[in-house]
Amino acid sequence: TVDWSSVKGRRVYHNSAALIREDGSIPVYHKRQLVPLGEFNPFARQLPISEELNLGHYTRGMEETTFQLNEASFASIICFESVFPAIVNGLNRRGAQFLVIVVNDGWFGTSAEPYQHEAIARLRAIENRYPVVRSANTGISAVIDRRGLEVKSMGIGETGVITASIVPMKEHTFYRNHGNWIVKWSLLATVVMAGMGWRRARA
Numbered sequence: 002t003v004d005w006s007s008v009k010g011r012r013v014y015h016n017s018a019a020l021i022r023e024d025g026s027i028p029v030y031h032k033r034q035l036v037p038l039g040e041f042n043p044f045a046r047q048l049p050i051s052e053e054l055n056l057g058h059y060t061r062g063m064e065e066t067t068f069q070l071n072e073a074s075f076a077s078i079i080c081f082e083s084v085f086p087a088i089v090n091g092l093n094r095r096g097a098q099f100l101v102i103v104v105n106d107g108w109f110g111t112s113a114e115p116y117q118h119e120a121i122a123r124l125r126a127i128e129n130r131y132p133v134v135r136s137a138n139t140g141i142s143a144v145i146d147r148r149g150l151e152v153k154s155m156g157i158g159e160t161g162v163i164t165a166s167i168v169p170m171k172e173h174t175f176y177r178n179h180g181n182w183i184v185k186w187s188l189l190a191t192v193v194m195a196g197m198g199w200r201r202a203r204a
C-alpha cells in the first residue's frame, strides 16, 4: 500500500506494508530498499532534467519494524528487499520469528524471474531457519518452511487462498547472530592469500 509521512514539514510517500488489527490500530512498515528508476530517481540531484521522466518518487523508510500477532513477532518486507539478506537479518535481531514477503512480480509475466524471486525467499528461510509467507499479486505465492521447502503454493496466474500452519522460530541461528561475518573474513583471507601469491611470483 502507499502511505505518507512528514519529513522536515514536507509530505513524502512510501511503499508500505500494514497490519490491520482487531482493535483498529494499523502498524506500518515502510520499504527501505527502493528499486532504482522504478521507485526513486537516483539521478535527481546530479541530473534534474531526469525528473521529467517520472522515475518514481517514493521515500525510503528508516525503521526496522516488526509486528506482533498473538504470541509471535514477525517482520514484513516488500518485493525487491528479499534479495538482501542483511535487511532480513536486521529484522530478525529485532525479534522476528517468521517473515512475510509482499511481492509484485506482475512486471515479469511468465518469465524466469518469478521463479528466481521465489527461490530467493527460500534462501531467506534456510538462512534464518524460520517460516516465510510469500504473497505475490500474480504468483508465485507460497508458504515455505524453515528448511526452504514449500508447504503450499499457488503458481503464476492462479487465484485463490492458501491456508497453512507455521511454527514461529524459537532458536537463533548462527547467521542470525553473526550475519555475513564468515563471508567478510573469507573475502579478506582471499585477498591476503592472493597478495602473498603475487609477491612470491615476483620474487
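Take 2 as the starting number for the sequence shown in my numbering and just add one per residue. We put the CB at the ideal spot given by N, CA and C, even for glycine. All figures in this text were calculated on a predicted structure; none of them were measured in a lab.
1) Using C-beta distances below 7 Å, list every residue in its chain close to Ile157, excluding the 5 sequence neighbours before and after it, in chain order.
2) Since Ile78 is in the beta strand (DSSP E), which residue starts that stretch and which ends it?
3) Going by C-alpha distance, which of Arg147, Glu65, Thr66 is nearest Lys171?
4) Name the one or two DSSP bridge partners that Asn16 has.
5) Kindly indicate which three-state DSSP category Lys32 falls into: helix, strand or coil?
6) Using beta carbons (cut-off 8 Å, strictly below), is Glu172 in contact with chain D?
7) Can you find at least 3 beta carbon pairs, one from the stretch 160 to 175 and one from the stretch 184 to 199, that sit closer than 8 Å?
8) For Ser83, does the three-state DSSP call read helix, strand or coil?
The answer reads as follows:
1) Hits under 7 Å: Thr111, Pro115, Thr139, Gly140, Ile141.
2) Taken as a continuous stretch (DSSP letters only), the beta strand (DSSP E) holding Ile78 covers 73 to 79.
3) That would be Arg147, whose Cα lies nearest to the Cα of Lys171.
4) Answer is Val3.
5) Correct three-state label for Lys32: coil.
6) Considering every chain present, this structure includes no chain D. It has just one protein chain.
7) No, they do not touch.
8) Helix at Ser83.
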